[in-house]
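*Asks:* Okay, handing you the structure first.
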Amino acid sequence: MSLVFFDKPRRRRYRAPPRQIDDGDGTAMDFQLSEEQRSLAELAERLGRDEFAPRAARWDRNHEYPHANVAVLRRAGLLGMTIPQRFGGPERPLIDAVLAIERIAKYCGVTARIVVETNMGALGCVMAYGTEAQQRETARRVLEDGDKPAIGMTEPGAGTDLTALRTTATERAGGYVLNGTKHWITGGGISRTNLIFARIVGRDGTDQGIGGVLVDLGTPGFTIGRVEDAMGLRGIPEAELIFEDCAVAADSLVVRDPKDGFKKLMNGYNAQRIGASAVALGLAQGAHDLAVDYLCRREAFGQKLKDFQGLEWMMAESEIALEAARLLIYRAACNARRLANNVMLPQMKDASIAKAFTGHQAFQVVSESLQMFGAAGYSRDLPLERMLRDVRMFQIGGGTSQAQLNMIARGIFAGR
Ligand SMILES: Cc1cc2nc3c(=O)[nH]c(=O)nc-3n(C[C@H](O)[C@H](O)[C@H](O)COP(=O)(O)OP(=O)(O)OC[C@H]3O[C@@H](n4cnc5c(N)ncnc54)[C@H](O)[C@@H]3O)c2cc1C
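So for the sequence shown, our numbering puts the first residue at 1; every next one is plus one.
See below:
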């Protein structure tokens, strides 16, 4: 899969696209997966179906982190796919991670989210802006220990308006001291690596802007507070992180740039939005596939449900939504450019368009799919109700749909 809408086709480590339509001026569009991508997608699909689907309800019901699935993902090479080779990773392009995430999410949204967070999110920020030592250690933890780095941005008083955050990292001899509270942090208490957004305060007390600091779980002064009783995706804790005079070494600082620190961190986070969209898409595709199967089996008024035109059209609308979302997500992933530290980072507008569209449409598709089952869809005996609760998250977490629209609008009117 390579969709190139600008520049010359970039040099890629993996495969030459098998069929490329070149319009003669160096731009090309190719909607085919390579052999390698096809087998990656098949691997993820097989693991999803055989290993993750059977226990997906358990993580949800018990509020339990799927450690067993992390081990499976690690063995299959699906953790840290995007990590550069110089840090021991396979350095696959973002689109490959997207393909795997989408397939796994059809069967278990929680497990797919772990693949997102071990390929994007905090990991992406560290790979783009961290020091060599930070990159090496974060990569090692993901690849060898299955650590899922957490990203701590949101605070009780700073959600969409992140620049209102109050957590401080104050410079002291030999390092920084953190004070503040984060909440709704995915993996809080599970993740050893925590990238915390904080206002950096210089030795002289001056505000140095928003930066990023790495804090290990277990550091004195860092405790886990309330764990949310979330509506969906309950297999990963959404937790409060509390910092009280929490001292970290100077080399824990990832970004300190009074002018552009916040912008850099948000840039690094764009890949996460694409990964999150792929989870939403996978959940919707999984629900849609179940509905297709059911409509072919269930009968009413002497015919199969699939032969009612009203239902056929609902399914057709869902199919359009799924294909459109897929194109937007794949395009955003393929349009990623090599930015800081030679890391592939997507464009903000591409990522926000994919997330805003997919978040909304995926919820509709899962809801319509559930409808096809009648009362059975409303029961916990089937995965539809769980998928509906899970998929609702993607209009909120990682920046709400409204926040995405704001960013898209900013892209439209930039420089005008
Ligand atoms: C399951 C889950 C996982 C999460 N994981 C993480 C994580 O790992 N790390 C992390 O840091 N955060 C995480 N979050 C937090 C998430 O990023 C925030 O919830 C989100 O950014 C919104 O912030 P808020 O909840 O404070 O809502 P608010 O910002 O208070 O927004 C409330 C409402 O107002 C709207 N709104 C706000 N400002 C505007 C505006 N300017 N224009 C139009 N509408 C606006 C919003 O869209 C929303 O509908 C997670 C959230 C969830 C639900």
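Every residue, glycine too, gets a C-beta built ideally from N, C-alpha and C.
Compare the C-alpha of glutamate 312 against each of Glu368, Val255, Gln361 and Asn270 and name the closest.
*Replies:* Glu368
*Asks:* Just how far apart, CA to CA, sit cysteine 424 and proline 54?
*Replies:* Any question about residue 424 goes unanswered here, given that the chain covers just 1 to 416.
*Asks:* I need the straight-line Cα distance from asparagine 270 to isoleucine 104, nearest angstrom please.
*Replies:* Going from the Cα of asparagine 270 to the Cα of isoleucine 104 covers about 21 Å.
*Asks:* Could you tell me whether the Cβ of alanine 362 comes closer than 8 Å to any Cβ of chain C?
*Replies:* As a matter of chain content, chain C is missing from the structure shown, which is built from one protein chain.
*Asks:* I need the boundaries of the alpha helix (DSSP H) containing glutamate 45, first residue and last residue.
*Replies:* 35-47
*Asks:* Any idea what DSSP makes of isoleucine 296, helix, strand or coil?
*Replies:* The sequence given here places cysteine at residue 296; isoleucine does not occur at that position. Three-state DSSP puts cysteine 296 in a helix.
*Asks:* Tell me the rounded alpha-carbon separation between alanine 287 and glycine 377.
*Replies:* 10 Å
*Asks:* Below 8 Å, can you find three or more Cβ-Cβ pairs linking the stretch 70-86 to the stretch 352-371?
*Replies:* no
*Asks:* Under DSSP, the alpha helix (DSSP H) around cysteine 246 begins and ends at which residues?
*Replies:* Cysteine 246 -> not in any alpha helix (DSSP H); beta strand (DSSP E) instead, spanning 238-249.
*Asks:* Please tell me whether isoleucine 224 and threonine 181 are closer than 8 Å, where the distance is taken between their beta carbons.
*Replies:* no
*Asks:* On a Cα-Cα basis, can you pick out the residue from Arg172, Glu238 and Asn194 that is closest to isoleucine 185?
*Replies:* Glu238
*Asks:* Got a sec: does ligand 1 put a non-hydrogen atom nearer than 7 Å to the Cβ of alanine 325?
*Replies:* Answer for alanine 325: no, Cβ out of range of ligand 1.
*Asks:* Per DSSP, which residues does alanine 158 bridge with? Please list them.
*Replies:* Glu155
*Asks:* In chain order, what are the residue ranges of uninterrupted alpha helix (DSSP H) at least 4 long that sit wholly in the stretch 109-184?
*Replies:* Taking only runs of at least 4 residues, the alpha helix (DSSP H) segments lying wholly in the stretch 109-184 are 109-117, 121-129 and 132-140.
*Asks:* Does the Cβ of isoleucine 408 lie closer than 7 Å to at least one heavy atom of ligand 1?
*Replies:* no
*Asks:* Could you give the distance in angstroms between the alpha-carbon of arginine 166 and the alpha-carbon of glycine 187?
*Replies:* For arginine 166 and glycine 187, the distance between alpha carbons rounds to 21 Å.
*Asks:* Is it buried or exposed for glutamine 273, if we count other Cβ within 10 angstroms and need 16 for buried?
*Replies:* Per the sequence shown, residue 273 should be read as arginine rather than glutamine. The residue in question, arginine 273, is buried, as its Cβ has 16 or more Cβ neighbours within 10 Å.
*Asks:* Less than 8 Å between the CB atoms is what I'm expecting for leucine 178 and alanine 169, so what's the real figure, rounded?
*Replies:* 5 Å
*Asks:* Assuming serine 352 contacts glutamine 395 under a Cβ cut-off of 8 Å, what Cβ separation, rounded to an integer in Å, is found between them?
*Replies:* Actually they do not touch by this definition, with Cβ atoms about 13 Å apart.
*Asks:* Under 8 Å, do glycine 221 and alanine 250 count as touching if we go by C-beta distance?
*Replies:* no
*Asks:* Under the rule that 16 or more other beta-carbon atoms within 10 Å means buried, what is isoleucine 95, buried or exposed?
*Replies:* buried
*Asks:* Helix, strand or coil, according to DSSP, for aspartate 207 in the structure here?
*Replies:* strand
*Asks:* Relative to ligand 1, is the shortest distance from any of its heavy atoms to the C-beta of alanine 239 smaller than 7 Å?
*Replies:* no
*Asks:* Using a Cβ-based criterion (distance less than 7 Å to any ligand heavy atom), does methionine 393 qualify as near ligand 1?
*Replies:* yes
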